[in-house]
């Protein structure tokens, strides 16, 4: 559970996990990097839970498509076995899943996949 809003006091070397998209990306990526380093585990054995809900630690910042896509980009950058989104209200949408419109800091020039349309 790498929710940026869960790091109210930041992480070592990164004190503001929700200030910008770069900060959100770095929070997820650095946390995964450290976990991989500490456990010496193959990243393909990891599937992080990512935040898909309004922030509760930094003033109620809305987590929209850009924030969700940024987290996904960070998990993908570490070659994990995918990711899972979590919302405490069980309210899931496709926000952030159609990523060509949401350029993320580390992958602005990368080709990003498009999620399948949600069933009606």
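Numbering (my numbering), first residue to last: 5 to 124.
Here a beta-carbon is modelled for each residue, glycine too, at the ideal position from N, C-alpha and C.
Query	Result
With 16 other Cβ atoms within 10 Å as the buried cut-off, status of residue 22	buried
DSSP beta-bridge partners of residue 87	Per DSSP, none; premise fails for residue 87.
Residue 29 Cβ short of 7 Å to the ligand FMN heavy atom set	Looking for the ligand FMN in the displayed structure turns up nothing, as the structure carries no ligands at all.
Start and end residues, alpha helix (DSSP H) containing residue 34	25-43
Whole-angstrom distance between residue 69 and residue 157, CA atom to CA atom	Examination of residue 157 is not possible in this model, given that the chain is present from 5 through 124 alone.
Alpha-carbon to alpha-carbon, residue 44 and residue 86	18 Å
Where residue 48 falls, given that 16 or more other Cβ within 10 Å makes a residue buried	exposed
Residue 38 classed as buried or exposed, judged by whether at least 16 other C-beta atoms fall within 10 angstroms	exposed
Beta strand (DSSP E) segment containing residue 54, residue limits	53-55
Local conformation of residue 99 per DSSP, three classes	coil
Residue environment, residue 83, which counts as buried when at least 16 other CB atoms sit within 10 Å	exposed
Inter-residue Cα distance where the pair is residue 29 and residue 35	10 Å
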